[in-house]
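Trainee:
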Amino acid sequence: NKQVVLKDYVSGFPKESDMHIIEGTVILKLPEASSEVLLIKNLYLSCDPYMRILMTQGASSYIPGSASHSPLTGYGVGRVLESGHPDYKKGDLVWGITKWEEYSLVSSDQTLFKIEHTDVPLSYYTGILGMPGMTAYVGFFELCSPKKGEKVFVSAASGAVGQLVGQFAKLAGCYVVGSAGSKEKVDLLKNKLGFDEAFNYKEESDLNAALKRCFPEGIDIYFENVGGKTLDAVLLNMRLHGRISVCGMISQYNLTQPEGVTNLANMIFKRIRMQGFMVSDSYNLYPKFLEFLLPHIREGKVVYVEDIAEGLENGPAALVGLYSGLNFGKQVLLVSRE
Ligand code: NDP
Numbered sequence: 006n007k008q009v010v011l012k013d014y015v016s017g018f019p020k021e022s023d024m025h026i027i028e029g030t031v032i033l034k035l036p037e038a039s040s041e042v043l044l045i046k047n048l049y050l051s052c053d054p055y056m057r058i059l060m061t062q063g064a065s066s067y068i069p070g071s072a073s074h075s076p077l078t079g080y081g082v083g084r085v086l087e088s089g090h091p092d093y094k095k096g097d098l099v100w101g102i103t104k105w106e107e108y109s110l111v112s113s114d115q116t117l118f119k120i121e122h123t124d125v126p127l128s129y130y131t132g133i134l135g136m137p138g139m140t141a142y143v144g145f146f147e148l149c150s151p152k153k154g155e156k157v158f159v160s161a162a163s164g165a166v167g168q169l170v171g172q173f174a175k176l177a178g179c180y181v182v183g184s185a186g187s188k189e190k191v192d193l194l195k196n197k198l199g200f201d202e203a204f205n206y207k208e209e210s211d212l213n214a215a216l217k218r219c220f221p222e223g224i225d226i227y228f229e230n231v232g233g234k235t236l237d238a239v240l241l242n243m244r245l246h247g248r249i250s251v252c253g254m255i256s257q258y259n260l261t262q263p264e265g266v267t268n269l270a271n272m273i274f275k276r277i278r279m280q281g282f283m284v285s286d287s288y289n290l291y292p293k294f295l296e297f298l299l300p301h302i303r304e305g306k307v308v309y310v311e312d313i314a315e316g317l318e319n320g321p322a323a324l325v326g327l328y329s330g331l332n333f334g335k336q337v338l339l340v341s342r343e
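Residues 6 to 343, numbered by the UniProt record's numbering, are exactly what the sequence shown covers, in order.
And the structure:
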């Protein structure tokens with residue numbers, strides 16, 4: 006059972022060499038006393054920015070997951086090989102929390118969903134139809150209550166979550182602008198994903214000026230994926246009663262000292278609602294989400310860009326690449342085709 010194991014806790018930017026590939030020797034067997042556990046073969050693993058947070062010693066106890074000297078924990082898609090649980094049988098496809106290895110014992114009382122719709126790519130359950138898709142859905146529709154004509158800004162806009170927030174904003178009749186870190190990503194936002202406008206934040210010497218250019222009347226909704234300087238510039242450009250969905254702050258995850266936000270008092274003057282959320286609190290909405298999104302995917306009204314790396318041994322590079330923006334769309338790791 007090949008595994009990707011974290012050697013030790015990480016400080017600063019993660020490196021490929023913080024992980025190694027080992028051949029696990031333990032034979033995985035279902036525990037006799039428990040009916041909660043399933044043996045699965047991992048097919049796709051999801052590379053997610055939050056995985057870096059789990060690599061820090063004393064990581065936030067709000068996020069369950071892996072520590073050092075063990076295989077990484079994360080989301081994935083797998084096929085059930087053995088099941089002690091009456092709701093799952095051999096051959097079923099599932100997505101949820103698993104480990105970075107070929108075979109895993111997963112618990113049905115952790116995040117685990119049976120995959121019912123297989124007329125879409127299976128890898129979608131690591132992205133658009135899995136945790137990142139739910140994140141975009143909950144963070145945008147539930148927290149921001151968008152109204153037609155409102156002005157929306159999304160950071161890390163070409164990524165797993167951001168590309169969907171932009172498309173959801175268009176479905177809601179909003180004007181949407183995204184920021185991303187390369188010309189190719191900006192082109193993707195404007196030409197394929199339907200964003201009204203986009204800019205490369207790495208080429209803007211003054212983020213405040215860039216936002217003023219795109220939003221002369223200000224921003225109603227900000228979908229926050231990056232934090233730091235971007236958040237600070239956004240606060241200056243928010244409108245009265247704006248809403249900020251605090252989804253992630255990837256620019257801060259590798260810093261030993263977080264950057265200060267100096268414009269926070271705008272929250273008060275402008276009566277902004279800024280709300281953090283964890284998608285895992287809202288998985289009860291998954292059926293409603295599928296009902297909303299599947300028809301849009303089938304009709305080609307919502308598209309999804311994936312960046313698929315192949316083989317567990319290429320997992321560390323794919324994961325580390327997220328923190329310098331090497332991924333072009335949702336970063337997936339293909340472990341096995343069947
Ligand atoms: P992405 O697919 O967008 O990949 C991460 C991207 O972040 C990179 O491609 C890069 O894009 C950008 N990035 C990396 N470093 C920086 C930096 N220093 N400053 C600005 N941008 C940077 O990831 P996801 O869509 O999966 O996740 C987006 C955010 O959502 C993350 O912050 C994540 O932690 C959060 N999240 C939160 C959840 C929740 O429950 N609250 C659930 C899921 C995700 P670029 O080239 O454009 O810089």
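Idealized CB from N, CA, C, for every residue including glycine.
#1: Do you know whose CA, among GLU106, THR267 and GLN172, lies nearest ASP201's CA?
#2: Can you list, in chain order, the residues of its chain whose CB lies under 8 angstroms from that of SER113, leaving out five sequence neighbours each side?
#3: By the 10 Å Cβ neighbour count, where 16 or more other Cβ atoms means buried, how is ILE27 classified, buried or exposed?
#4: Could you check what DSSP says for SER16 in three-state terms: helix, strand or coil?
#5: Would you give the residue range spanned by the alpha helix (DSSP H) that ASN289 belongs to?
#6: Give me the Cα-Cα distance between ILE45 and GLY178, rounded to the nearest whole angstrom.
#7: Can you check which of these residues, GLY186, SER256, ALA238 and MET243, is closest to LYS275 by C-alpha distance?
#8: Please tell me whether THR78 and LEU50 are closer than 8 angstroms, where the distance is taken between their beta carbons.
#9: Decide yes or no for the touch test of the region 178-196 against the region 285-293: beta carbon pairs closer than 8 angstroms, at least 3 of them.
#10: May I have a chain-ordered list of the alpha helix (DSSP H) segments no shorter than 4 residues that lie completely inside the region 240-306?
#11: Quick one: residues in its chain with C-beta nearer than 7 angstroms to the C-beta of VAL166, no 5 flanking neighbours on either side, listed in chain order?
#12: At the level of alpha carbons, what is the spacing between PHE118 and LEU327?
#13: Going straight from the alpha carbon of LYS207 to that of LEU33, what length do you get?
#14: Below 8 angstroms on the Cβ atoms is my contact criterion, and I expect SER128 with SER160 to pass it. Report the Cβ-Cβ distance as a whole number of Å.
#15: By DSSP, does GLY178 sit in helix, in strand, or in coil?
#16: Ends of the alpha helix (DSSP H) at THR189?
#17: For GLN62, count neighbouring Cβ atoms within 10 angstroms of its own Cβ and tell me buried if that reaches 16, exposed if not.
#18: For GLU21, which residues of its own chain have a beta-carbon under 7 angstroms away from its beta-carbon, when the five flanking residues on both sides are left out?
#19: For the ligand NDP, any of its heavy atoms closer than 7 angstroms to the Cβ of MET136?
#20: Closest to ALA238 by CA distance: which of HIS246, ILE224 and SER250 is it?
Mentor: In short, the structure shows the following:
#1: The shortest Cα separation from ASP201 among GLU106, THR267 and GLN172 belongs to GLN172.
#2: Counting only Cβ-Cβ distances below 8 angstroms, and skipping sequence neighbours, we find GLU41, VAL42, LEU43, HIS90, ASP92 and TYR93.
#3: Using a 10 angstroms sphere on the CB of ILE27, the tally of other CB atoms stays under 16, which defines it as exposed.
#4: In this structure, DSSP gives SER16 a state outside helix and strand, which the three-state scheme calls coil.
#5: Segment: none, ASN289 is in no alpha helix (DSSP H) and carries neither H nor E.
#6: So the two alpha carbons sit approximately 42 angstroms from each other.
#7: Taking only the C-alpha atoms, the option nearest LYS275 is MET243.
#8: Taking 8 angstroms as the Cβ cut-off, THR78 and LEU50 do not qualify as a contacting pair.
#9: The answer is no - the region 285-293 does not touch the region 178-196, with fewer than three Cβ pairs under 8 angstroms.
#10: Counting whole runs of 4 or more residues, the region 240-306 contains the alpha helix (DSSP H) stretches 271-274 and 291-303.
#11: If you ignore the 5 residues before and after VAL166, its C-beta comes within less than 7 angstroms of the C-beta of PRO137, THR140, ALA141, ASN230 and CYS252, all in its own chain and listed in chain order.
#12: In this structure, the alpha-carbon of PHE118 lies about 26 angstroms from that of LEU327.
#13: Approximately 47 angstroms, taken between the alpha carbons.
#14: Actually they are not in contact, since the Cβ atoms of SER128 and SER160 sit about 24 angstroms apart, beyond 8 angstroms.
#15: For GLY178, the three-state secondary structure derived from DSSP is coil.
#16: Going by the sequence as given, residue 189 is Glu instead of Thr. For GLU189, the enclosing alpha helix (DSSP H) has its first and last residue at 188-196.
#17: Label assigned to GLN62: exposed.
#18: A distance below 7 angstroms between beta-carbons, with the five flanking residues on each side excluded, links GLU21 to the following residues of its chain, in chain order: PRO321, ALA322 and VAL325.
#19: Taking 7 angstroms as the cut-off, one finds at least one heavy atom of the ligand NDP near enough to the beta carbon of MET136.
#20: The candidate whose alpha carbon is nearest that of ALA238 is ILE224.
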